[in-house]
Amino acid sequence: MSDVGLHGFGAYVPITRLQRSAIHAANGWFAGGLKGLAKGEKAVGSWDEDPITMAVEAARDMLGEGERSVDSITLASTTHVFADRQNTGVVKEALNLDDTTGALDAGGSQRAGTSSLIAALDAAAAGKRTLHLAAERLVPNPASEREMLAGDAAAALLVGPGAGIARLIASHSVTADFVDHFRETGENADYDWEARWVRDEGFGKIAVPAIRDALAKAGIQGDKVNHFIAPIAVRGVPEMLAKQAGIPVEAIADTLGAAIGHAGAAQATLMLTATLEKARTGDILCLIGFGQGCDVLLFEATGAIGSAKPRLGVSGWLARRQASDNYMKYLFHRGLVPLEKGARAEFDSKTALTAMWRNRKAVMGLVGGRCTKTGTVQFPKTEISVNPNDHGVRTQEDYPLAEIPARVMTYTADVLAFSPEPPDCYGNIEFEGGGRMMAQFIDMPADALEVGKELRMMFRIKSMDEQRHFRRYFWKAAPAH
Amino acid sequence: MARGIKDKVAILGMGCAKFGERWDKDADQLMVEAYEEAIADAGIETSQIDAAWLGAAFDAVNIGPSGIPLSVALRLNDIGVTKVENYCASGTESFRGAVYAVASGAADIALAMGVEKLKDTGYGGLPVRTRGTTHDMIGITGSAPGNFAQLAAAYRAQHGVSPDDLKQAMAHVSVKSHANGAKNPKAHLRNAITMEQAINAPTIAAPLGLFDCCGVSDGAACAIVTTPEIARSLGKTDIVTVKALQIASSNGWEAQGSGWNGSYFHTTRVAAAKAYDEAGITNPREQLSLMEVHDCFSITELVTMEDLFVSKEGEGWKDVLDGFFDADGQVPCQIDGGLKCFGHPIGASGLRMIYENYLQLLGRAGERQRAKQPVFALSHNLGGMPNSNVSSIAIVGLSDA
């Protein structure tokens, strides 16, 4: 048995839950067959969320204020923002990790989450600690089944030497170019082949043997599996796989389909983190990832399970919820309906890459300054201290603010300024222990704003440069609770 | 304190274009309109002007860079022309350049011009523009009403004022300016409004409604300054002099430090204290005859009454509701309609305020003329936003006051 495992976990689910009934209400006239799927809700990120921002939140959910030293960081997604700019590198800057951290984007298949997890576990055997992330924000065609089934989410795992909270028992991979669906680079929507064929020839003939082989490799009988984590949105398939692999049906983990939807390459890791929230010592976890083959990972929860807790975890994020019937807003935020934005949206958002690089700690990591002489905290860090009584020159040290609670000092809900999500809410905020900034408020209705309201910072898209296809990131203020 | 500017410089002449939606005029034509009045008032020739300053804030939809647009528009005599930009204080900033040139002896006669052509943006409100590469990465874009609306939330929290009381006071500010603007032939908005209209108007940036926001106007204003001695030698008898001229710019304390509570303008308090000292004013509530303040939004005017030490802190809203600042009140504020109704062509506003005070001091304000002879008339500009701004104050009066 290996001596590597999972040492921490976290998740992120966007606050907005689009009601599937609203999707059906808009599209039922055209695609009447969607009625059978028009139950429950799906998590949808706002216009300012993407796999990068969601991965950052999942990592923060796991890392808390504790130690952030990892050897490398991986982000798995089939909806990476940049084709040529390391997406994981952006996450690394937002998390304010050391520059000596390695980074890798994983993608190409919905199996990317489990494949990169196996790679991280392999690295752990060589003594490396990896921050493993997976995030997905799909843009399915309107009125498609996939639109009904997909959801946005991210998950994080800390992988490293030692058993941790869940020891790896065995992993097993099969690769075969079985094309049940595909999406060319640059396209939004997947093209799907018939579900019955995918079920019989794909899950039945590729996944089932892979699970059996993995169990055999580990010397474990299927009936010993306590948690069967199969990130599959097709109804009945997890049950079929369990039965054929000899795993008790009761062990099947919640697919989270009713509350979140299927988050593509992130779904396996997401479901694993949800399972880790409730696993007990000695539990056997069987996780699969399917896509042009199949990955199977077997874990055993150790006595340390329960010692590593995310801040919110899947259950906490699910409780932080705003239901929405606004399908049109969802379409607009996904770029599927070009609403007239008006002249005020014509602001040129060209980013000076030179200045972004110079100020990367402040912009990407929300690192301010703290005067070593007076203790004055400020944002951004400057050559001369803002303290009115002691303008110390170059006395400041780096002072990360992202994890520090803040409060509303002033606010407004602006109807005039352009915002993809009007009204544009913003105001001055003050951090606990000093330091302040003007921030945009997110994830709350305008009437929830009040002076003194407690806030937490979240990493989001600040603006889109639609001329050059770049996006700028920064930190915004969300309700603390 | 420095020796100051009091009575060293006289206003020889002033002019102001009709403010409004001047679809028929370019910026250079508006400048000429203001200049014609000013030069006629001064009674001099263009060739007698030694130096000039041009205040304008929005290059992209305006006149372009440098002082050349002013020099060309007025066909100045190859003299030094400097363009200044300091947000909404740009007009007063151009006045400062001209006044300091005369006070120093570097110029005998200097000209200050402020102009803005906002109605060429294609939409209402101020243009959205960059504040610099780094700021754009960490600052908010927002809008001017959104920035100033934040004063209201902080003011209410700081002083325990109910939303309804504050909204009433804000509405009174706007109703007053509309009533005053209706009497001003050069004002952009000349319609009276009711409290109900002000309170029930559509929201622009909570809690500011449509009538809490000033107009976006085209316009220009001009001043020609010299020494009191030269003014007399040119035949002037009633000499209006500069009593104080102070400008304070935020050093980042409000936005970055701790201590400011968001409900007032730190820079206005600093500039006001220095201006009163310079002018020899010890009790502004009693000694000021009238005020033109930067009422870009109703809440701004209200808190400015406190920042200028005319109202007690936290009680400005009561003075407003008591009519203290009405045209027939003790210290009229915006007797010409203010930014709210005279209009707010950014670069021109500071000079337009001084223009009104100049007219009032000389008894030339027509229907809106204050009956009692004014002694000290104050004008005040704010540029930027509450947490990062430029605040300018100019106090003028008759030379023997």
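Chains A and B are the protein sequences, given in the same order. For the first sequence, counting from 1, position 215 maps to 215 in UniProt numbering; every step adds exactly one. For the second sequence, counting from 1, position 82 maps to 82 in UniProt numbering; every step adds exactly one. Heads up, the beta-carbon is just placed ideally off N, CA and C, and yes, glycines get one too.
Exercise for review: Given a cut-off of 8 Å, decide if B:A110 and B:A101 are closer than it, judged by their beta-carbon atoms.
Suggested key: At the C-beta level, B:A101 and B:A110 come within 8 Å of one another.
Review point. Which residues in the same chain have their Cβ closer than 7 Å to the Cβ of A:H333, if we skip the five residues on either side of it in sequence?
Key: S46, W47 and P420
Exercise for review: Could you confirm whether any beta carbon from chain A is found closer than 8 Å to the beta carbon of B:M137?
Suggested key: Nearest CB-CB separation between B:M137 and chain A: below the 8 Å threshold.
Review point. Nearest to B:L382 by alpha carbon, out of B:A10, B:M113 and B:N86?
Key: B:N86
Check your understanding: How long is the line joining the alpha carbons of B:N180 and A:Y411, rounded to whole angstroms?
Key -> 31 Å
Practice item. Look up A:R456 in the DSSP assignment and say whether it is helix, strand or coil. Key: strand
Check your understanding: So is B:Y123 in contact with chain A if we call contact Cβ pairs under 8 Å?
Key -> For B:Y123, the answer is yes, since a Cβ of chain A falls inside 8 Å of its Cβ.
Review point. For the region 403–422 of chain A, which residues have a CB atom closer than 7 Å to at least one CB atom of chain B, in sequence order?
Key: M409, T410, Y411, T412, A413, D414, V415, L416 and A417
Review point. How far does the alpha helix (DSSP H) with A:G113 in it reach, from first residue to last?
Key: A112 to A125
Exercise for review: Quick one: list the residues of chain B neighbouring A:G434, beta-carbon separation under 9 Å, in chain order.
Suggested key: G257 and S258
Exercise for review: Along the alpha helix (DSSP H) that carries B:F297, what are the first and last residues, could you check?
Suggested key: Per DSSP, B:F297 belongs to no alpha helix (DSSP H) and is neither H nor E.
Review point. Which residues, in chain order, does the region 227–247 of chain B contribute to contact with chain A at a C-beta distance below 8 Å?
Key: Cβ contacts with chain A: none found.
Practice item. For A:F474, return the contacting residues in chain B, with the cut-off set at a CB-CB distance below 7 Å. Key: M137 and I138
Check your understanding: Shorter than 8 Å from the beta carbon of B:T267 to some beta carbon of chain A?
Key -> B:T267 does not count as touching chain A.
Review point. Quick one: Cα of B:V72 to Cα of B:P65, how far?
Key: 13 Å
Check your understanding: Alpha carbon to alpha carbon, how far is A:A123 from A:L117?
Key -> 10 Å
Check your understanding: A:W357: buried (16+ other C-beta within 10 angstroms of its C-beta) or exposed?
Key -> exposed
Review point. In whole angstroms, what separates the C-alpha of B:S233 from that of B:T226?
Key: 11 Å
**Study point:** Residues of its chain near B:A152, where Cβ-Cβ distance is below 7 Å and the 5 sequence neighbours each way are ignored
**Key:** L166, P207 and I299
Practice item. Reducing DSSP to helix, strand and coil, say where B:Y123 ends up. Key: If DSSP states are grouped into helix, strand and coil, B:Y123 belongs with coil.
Practice item. Could you tell me which of B:F342, B:G20, B:G252 and B:R190 sits nearest to A:M437, measuring between CA atoms? Key: Comparing C-alpha distances from A:M437 to each of B:F342, B:G20, B:G252 and B:R190 shows the shortest one belongs to B:G252.
Exercise for review: Report all residues from its chain with a CB closer than 6 Å to the CB of A:V56; omit the five preceding and five following residues, and keep chain order.
Suggested key: V91, A94 and F459
Review point. Which partner residues of A:K381 appear in the DSSP bridge assignment?
Key: None; A:K381 has no bridge partner.
**Study point:** Contacting positions in the region 186–215 of chain B - beta carbon closer than 7 Å to chain A
**Key:** T203, I204, A205 and A206
**Study point:** chain A within 8 Å of B:G142, Cβ atoms only
**Key:** yes
Exercise for review: Output yes if chain A places a C-beta closer than 8 Å to the C-beta of B:W23; else output no.
Suggested key: Cβ-Cβ to chain A under 8 Å: no for B:W23.
Check your understanding: Across which residues does DSSP place A:L331 in a beta bridge pair?
Key -> The partner list for A:L331 (beta bridge, DSSP) is empty, contrary to what the question assumes.
Review point. By the 10 Å Cβ neighbour count, where 16 or more other Cβ atoms means buried, how is A:Y191 classified, buried or exposed?
Key: exposed
Check your understanding: Name the residues in the region 37–57 of chain B whose C-beta lies less than 8 Å from a C-beta of chain A; which are they?
Key -> Listed by position along the chain: nothing, the set is empty.
Exercise for review: Just the chain B side, please: which residues come within less than 9 Å of A:A362 by C-beta, in chain order?
Suggested key: T134, M137 and I138
Point to revise | Length at least 4, wholly inside the region 112–196 of chain A: the alpha helix (DSSP H) runs in chain order | key: 112–125 and 145–149
Review point. If we count the other Cβ atoms within 10 Å of its Cβ and call it buried at 16 or more, is B:V293 buried or exposed?
Key: buried
Point to revise | Nearest neighbour of residue 485 of chain A, chosen from A:V337, A:T372, A:Y473 and A:H172 [CA to CA] | key: Here chain A has residues from 1 to 481 only, and residue 485 of chain A is not among them.
**Study point:** Where A:E430 meets chain B, residues with beta-carbon distance less than 8 Å
**Key:** S258
**Study point:** Segment contact flag, the region 387–397 of chain B with the region 240–248 of chain B, C-beta cutoff 8 Å, min 3 pairs
**Key:** yes
Review point. Taking just the CA atoms, how far does A:R360 sit from A:M271?
Key: 33 Å
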